[in-house]
Each structure stands twice: as structure tokens, then as C-alpha cells.
Amino acid sequence: MDAAVQTITTFHPREDGWLTRLFDWKPFLVALCMLPTAGLLLVFLTYPLGLGVWLAFTDTTIGQPGHWIGLENFISLSNDPVFWMAVTNTIFYTASATVGKFALGLWLALLLNHHIPFKAFVRAILLLPWIVPTVLSAIAWWWIYDPQFSIISYVVVNVLHLKTNYINFLGTPWHARWSLVVANIWRGIPFVAITLLAGLQTISPSLYEAALLDGASGWQQFRRITVPMLMPILAIVLTLSILFTFSDFQLVYAITRGGPFNTTHLMATLAFQRAIDGSELGEGAAIAVAMIPFLVVATLVSFFGLGRRKWMQGEGND
Amino acid sequence: MTSGISRRDSLILGGAALGAAGVPVIGARAQAPTPPDVPMADVKPPTFPVEKGARLHVIRPAKFIDPDQVYWDINTKRFTDTTGIPVAVNYISWEDLRPQTAVIANTGAGADIVFGWAIDPFLYETKLVGMNDLAEYLGKKYGGWFDIAKLYGTRWKTNYWHSLPIGGGSGPTVYRISWVKQAGYDRIPDNLDDFMTLCRKLKQIGHPCGFSIGHAVGDANGFAEWALWANGAQVVDPEGRVALDSKETVAALKYVAELYKYMIPGTIAWNDSGNNKAYAAGDIGLTFNGVSIYYVLKNSPDPTLQAMAKDTMHQAVPQGLAKRSPMTAGPMNAMLFKHSKYPNAAKEYIRFLMEAPQYGPWLAKCYGYWSEPLKSYAKMKFWTEDPKLAPYANAMDTIYYDGYAGPITAAASAVVANYTVVDMFAAVATGNATPQSAIRTAVREAERYYGKA
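Now the structure itself:
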């Protein structure tokens, strides 16, 4: 040891106060740093969620406090054909909109992955349907689907003379359902496209070059390189997209409000109609709570089914 | 329903409001002129010893047409100038009003007076201050209360007033005079068969009728209720048991199914503004609506729309099998909460608003948008100056209400909110259900709220 170190080792640190020791204690620091976020989550997420779940087991109405009635709400809902129609509508809506969004979103992402002029501008424009507040785009779609004033009907009937009657977009159950799915796909494509584009950009081009050298066709490159490499991010986007679409409210409420005669009701819109308009908070909460099993299953399937690849866990290629 | 007062008129109204605000203090303390066309009995008003330092917080529904808010504000300002009590008025959107009322009632804090809808006064009756003194005074002075005003202001089958009706909105027939004449009728027939013939002929001449049977809060429920009541059917009997399963209901369903063939296509997708839009575009010749269609047409700067206004007429909805026109008028009631610190000031405010110098101009300038609950106001000149407003003058002179003929309860408003009757008609009209199966569905839905018969 030389003189400099000798000097340092003779330095006696001041005795730590209890406050200093407390703040140095790791568990305390961890708890303290998490407190603001945890507090926010507890107040704005956990408490409303807990209250909602509790309400589902009571007969609360707007204006009167409720009493615990156990599973009565759920039993009466299981005998309610409108509720089951809402469930099947929601599943159909989520499934078809998700397929549409992913097919078109992936295609768009693949297109945008190439070098095109004004790339940044195009990518920014692409995000517009997602950024525009849903209510506004829902009202725009409502006008597009209007029985008397639809621009599509106008073009088809008055300009192109392909039909004589205006198209009844929202007048029959299946027309209304598909119209809503189209509107949802339009709104959801940007989210999927931009996220998948980000995923595509992380795929190393050397993989494609190697495949090209080995004589792989475009389709083989897509199937063997793009798809597996995209799986993790696809799983995340799929999970999020299913969650958003399943609990969609604004689009349906603004365009059809669940009509014609309840054939486009989603679980969220039915819950709102029963709880707020119909003043039956307990029942509306029960419908909302009934969404939870579906969402949990969907999350588990897409996240764990698609997301977990051996190589993500560091165990070699899948 | 859309509001469409022109910008120029808005500026004039705004200027009037500002002008009213700028009236010097001395002038403001003088009584405003009493309208000469409101017959009044000489009754001493009840004295409400106003609390010292009183200030009021009031919430009411948002305006649909500008004069509603402008004249309410003028009246409120005059109250403040006369009594020195500041009043804060919040205009709440219609769909938020009932949940807000619930919060105020449950927390015992917030507004002193809520001008609210539907059956809220019944839900919160125990939390409201009784209004018998005001109601009896106003009734004596202004010729008595209309039936539906009394129905919504008092506890069922008693004389206890829990709230004070301020006004109501109804939906009579709105039609194009020239087109109905072309179809061979001088006025809308009260007989259901003739009404069907009229609608058939209107479709033949290319100007069909249109009624919403989709999820339109006001219009669809109004049409569905008319269809029931005009055919002698009803949702509940006077004991509160669901009475939809009857041959009258089947007749009503068959009637609407046939009428649907003569309506403009697509009304099942209409919300409350659907018939307004179609009428203003000249696509339909007949519908049921509040005065909003006529108001927009009349005040439009576009000469085409003004011509349409001249060609428009209103009439009470066809009677059918009912003994009087089966039209309801949803009342707006003043609810004074017990938690208010200044109940006397609040009662004085409500009394002030209902007195002729304030209520008269507000009613007149709203141009039939609100119908009065007190009979004397039906005699005001403006009702007859424009003969087209006649059905709105007596809109509250009705015995029909949501959930007729049973007691007014939460179940009645839940059935309306869930479009139970509307969906029943829609399913049969579009051929998606037989009358019997649609009735079964509707009965099951209604019994969830009313209890099993």
C-alpha cells in the first residue's frame, strides 16, 4: 500500500443519522419510489375496478344504495336473450375486426417498410384515423351510413347510376354489423400498421440477404423470416387490439346505439344502456364484469400462445 | 333535434341579454311589465322570509334553442337585481342531468335546485322540500294545473307536491300542408284507417311519412307509445302489472307493420335528428316532432326553408281509439333539495320565475318549444298569433305519460330507456318477428322491471 491509499484508509466517515440509514435501506427506497405510481393505480384503477365488481353483486340503482344479492344479476342475465345477443355480437365484432385490421395492417406495414418518397410524411398521415377522437370519426361514419344522405349511396345512385335505391347500411342486422366492423377496421389499422412496421424494422436485413442468396422466394422469406421474427410484437399488438375492440363503446354508441332492435349491442353499450339510461347500476356492472373472463382468455391465448418463443427466453431458436 | 337559429339572431339575442344586464340598478328594481294576455286571479303570494346572505346554485337542462337560455338568464338576472340574491345557473347536457341529479341527491351537496326530468322527483321524494304552498298559490293564480303537471308534481294519487313542474315538451304531428292536400286531406285524420290511407297516398305521390323506430331517445319512444295508445293498448294497467299481452297490442303491431311499408326507408337507423334532417331536406312530408323542425325552418335565412315553414302545419297526434289525443309531454320539474341552506330564497326564485312578467316572455320567445303547466299561460297571444303553434299550447293537457296507466316509478323510465316497446315494434315492422313472439319478448323485458304480473 502506498501513502495515498494509507491516507484514505485513515479517513473516518461521520456516523449515519437514522434518516440517512432509512433512505439507504433498499426496501424502503423501493416502496417510496413506487408509492406515487402505486397510489395512482390504486385510486384510479383498482378502486373503480373493485367498486364495479362489487356493484355487480348488488341491486344498486342510480339514486338508491343497493344491497348484496349475490349472483342474482348474473342469473337473470343468463336468461336474457339480449345479453347473449350482445355477447355473440361482441365476439363476432372483435373477431372480424381484428382479422381485418391485422391483414390490412400487416400488408400496409410491409408496403411502408420499403423506401418510398415522403416516407415520414406518409407514415404520419397514416396515423390520422387513430388519432382523430373516436367520437368525431364515429359521427363521420354515421353520416356516411345515413339512409338518406350517405355519400356512398349518392355516388353509387346519382353519379354512377349502379343502383336505384339508396343503400340501407344500418337498417338490417347484418348490414349494420358489417358496417360497424368496417368503421372499426378503418380506425384500427394505423395502430397495427405502425407497430408492426416498428417490428419489421428490427428484423435484420442480413437475414433476408442470406435467404435471397439461398434462393428463397418472396413468400418463403415472408413465412420463414418475417412471421417468426414478428411474433413477439404481433402478440402484444394482438392482445392490445383485442382488448380495445372487445370493450369498444364509442363507435357503436354514436352510430347505432345498439339498434336495430339490439342487434348491434356490444357488451359495453348494453352495460351503459342498462346502467345509466335504465338506472340499473348493478345489472350494468354485472354485464361489464361478464366481459372479464373473455378478456382474460383472449390475453392469455394471444400473449402466451404467440408471444413466448424459446429464443426469447434465451434457449436457442424455435 | 337540431338548433339552428341564425347567427344574426344569435347576435340580437346576445345583445338583448347584454342589454338586460346593463340596465341601471334603479330601473331594474322596478317590476318588469306584466304581460296583458295572461289572465290572473288576485291571490296573495306566500311569504318566504328570505335568509340573510342567501346565494343559490341551480342546475337545469342545456338549451336546444338559444332563446331558452337567453330569457332564463334575463329572468334570473332580474331576480338577483330585485332581491339581491346571486344565483348561479349551470346548463347541463340532457344525458348527464339524471346522473348528476343522483349524485346531488345521494351526497347531500351541490345544487340547491335541480330542474330535472322524468321520474327523478319520485325517486328522491324523501330528499325534497314539499312544494304545496307554491303549487297551490300558482294554481289558484294562473287558472289551475294541467293534468300531467299534477301527475308529475305530486305523489301518486295524493295532493302532496314534491316538485314543481316548469314546462313540458311534446311531439305532435308535423306535416306539409300542400302535400297532405295533394293526398286528398285538409287535416290529419283522427281515424286510424284514414291515417293509414293518407300515409299510403303520401308515399304514392313521392312524399312519404317517416317515424323513427330505432334507438332514438325521444322520437322512437314517442311514436311507439302513440301506436300503443291509439290502438287502445298500454304497457301497464293501473295496478302496475304488465298488460302488453293483449289483442290491442297485436292490432297496434300489425298497424305499424303496415305503416312501415309506407314510410321512407331506413327509419330504423334514425336517431332523434333523423326526421329533422329528412323533413328539412324535403324527403318526408309527415312526422311527429317537437317544434324544433318548424323553428329551424322559420328562422333560416334560406328562402327555400322559409317557404317550407310556411307550408308546415302542426296538429295533435291522431286520436285513434283513445278518447283524446294520445300525446305525452315530458315535464321538467323544479326539485328543491332539503340539504339547501336557503330553502326560502330558493322557493322565492322558483315563484319569481313562474310569475307572468318572467314566465310569459320566456315561454313566448321559446316559440312553443316549452309548453306551460299552468292553464292561464295557454291564453297568451303568441299561441294564436301563429296558428301553427296550437298543439303546443295545450300539450300538457294530457293524461298520457311514460308507463301509462300504471304508477309513475323507476320501472316506467327503465322500460323507456331500454327501448322495450320500440324494439317490439321494430322487430315486427321489419319482419324479424311475429307479433306474438315480439310481445313475449317485450313482456319478459318489461317484467324484469315491473315484476311478474
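Protein chains in written order, with this note's numbering: chain Z, -13 to 304; chain S, 138 to 590. Beta carbons: idealized from backbone N, C-alpha and C, even for Gly. Keep in mind it's a predicted model, so treat the numbers as computed, not measured.
Looking at the C-beta of residue i, does it have a partner C-beta in chain Z at a distance below 8 Å?
i, result
"residue 160 of chain S", "The predicted model places residue 160 of chain S with a pLDDT of 43, which falls under 50 and marks its position as unreliable, so this point remains unresolved."
"residue 405 of chain S", "yes"
"residue 412 of chain S", "no"
"residue 420 of chain S", "yes"
"residue 451 of chain S", "no"
"residue 352 of chain S", "yes"
"residue 550 of chain S", "yes"
According to DSSP, is residue i part of a helix, a strand, or is it coil?
i, result
"residue 73 of chain Z", "helix"
"residue 310 of chain S", "strand"
"residue 148 of chain Z", "coil"
"residue 11 of chain Z", "coil"
"residue 425 of chain S", "strand"
"residue 50 of chain Z", "strand"
"residue 229 of chain S", "strand"
"residue 508 of chain S", "strand"
"residue 298 of chain S", "strand"
"residue 379 of chain S", "strand"
"residue 269 of chain S", "helix"
"residue 473 of chain S", "strand"
"residue 323 of chain S", "coil"
"residue 572 of chain S", "helix"
"residue 19 of chain Z", "helix"
"residue 174 of chain Z", "helix"
"residue 188 of chain Z", "coil"
"residue 61 of chain Z", "helix"
Out of curiosity, what's the CA-to-CA distance linking residue i and residue j?
i, j, result
"residue 519 of chain S", "residue 510 of chain S", "16 Å"
"residue 241 of chain Z", "residue 369 of chain S", "34 Å"
"residue 580 of chain S", "residue 263 of chain Z", "19 Å"
"residue 179 of chain Z", "residue 95 of chain Z", "5 Å"
"residue 223 of chain Z", "residue 354 of chain S", "37 Å"
"residue 352 of chain S", "residue 496 of chain S", "34 Å"
"residue 533 of chain S", "residue 271 of chain Z", "37 Å"
"residue 471 of chain S", "residue 133 of chain Z", "39 Å"
"residue 183 of chain Z", "residue 219 of chain Z", "10 Å"
"residue 404 of chain S", "residue 325 of chain S", "21 Å"
"residue 228 of chain Z", "residue 408 of chain S", "29 Å"
"residue 348 of chain S", "residue 381 of chain S", "22 Å"
"residue 103 of chain S", "residue 283 of chain Z", "Since the first residue shown for chain S is 138 and the last is 590, residue 103 of chain S is missing from the structure and cannot be characterised."
"residue 203 of chain Z", "residue 112 of chain Z", "29 Å"
"residue 74 of chain Z", "residue 245 of chain S", "42 Å"
"residue 387 of chain S", "residue 72 of chain Z", "27 Å"
"residue 576 of chain S", "residue 561 of chain S", "7 Å"
"residue 359 of chain S", "residue 413 of chain S", "15 Å"
"residue 438 of chain S", "residue 200 of chain S", "21 Å"
"residue 340 of chain S", "residue 216 of chain S", "52 Å"
"residue 578 of chain S", "residue 504 of chain S", "41 Å"
"residue 569 of chain S", "residue 247 of chain Z", "10 Å"
Is there a Cβ from chain S that is less than 8 Å from the Cβ of residue i?
i, result
"residue 237 of chain Z", "no"
"residue 166 of chain Z", "no"
"residue 300 of chain Z", "Because residue 300 of chain Z sits at a pLDDT of 49, beneath the cut-off of 50, its placement in the model cannot be relied upon, and the following sentence gives the value as read from the coordinates. For residue 300 of chain Z, the answer is no, since every Cβ of chain S falls outside 8 Å of its Cβ."
"residue 64 of chain Z", "no"
"residue 56 of chain Z", "no"
"residue 48 of chain Z", "yes"
"residue 305 of chain Z", "Absent from the model: residue 305 of chain Z. The displayed extent of chain Z is -13 to 304, so no value can be given."
"residue 260 of chain Z", "yes"
"residue 99 of chain Z", "no"
"residue 170 of chain Z", "no"
"residue 265 of chain Z", "yes"
"residue 135 of chain Z", "yes"
"residue 154 of chain Z", "yes"
"residue 44 of chain Z", "no"
"residue 74 of chain Z", "no"
"residue 3 of chain Z", "no"
Does residue i get closer than 8 Å to chain C when you measure Cβ to Cβ?
i, result
"residue 245 of chain Z", "Absence of chain C from the displayed structure is noted, the protein chains being Z and S."
Exercise. With contact counted as at least three CB pairs below 8 Å, one residue from each stretch, are the stretch 258 to 278 of chain S and the stretch 428 to 444 of chain S in contact?
Worked result: no
Exercise. Below 8 Å, can you find three or more Cβ-Cβ pairs linking the stretch 416 to 425 of chain S to the stretch 308 to 324 of chain S?
Worked result: yes
For this session: Output the residue ranges of the alpha helix (DSSP H) runs that lie fully inside the stretch 203 to 238 of chain Z and measure 4 residues or longer, sorted by chain position.
Result: 204 to 207 and 213 to 232
For this session: Just list the alpha helix (DSSP H) runs in the stretch 516 to 555 of chain S, keeping only unbroken ones of 4 residues or longer that don't cross its boundaries, in chain order.
Result: 518 to 522, 527 to 530 and 547 to 554
For this session: Can you check the stretch 181 to 226 of chain S for any alpha helix (DSSP H) of at least 4 residues that lies completely inside it and give the ranges in chain order?
Result: 203 to 220
For this session: Please specify which runs of the beta strand (DSSP E), each continuous and at least 3 residues long, are wholly inside the stretch 394 to 461 of chain S, giving them in chain order.
Result: 423 to 425 and 449 to 452
Problem set entry | Three CB pairs or more closer than 8 Å across the stretch 141 to 159 of chain Z and the stretch 49 to 69 of chain Z | no
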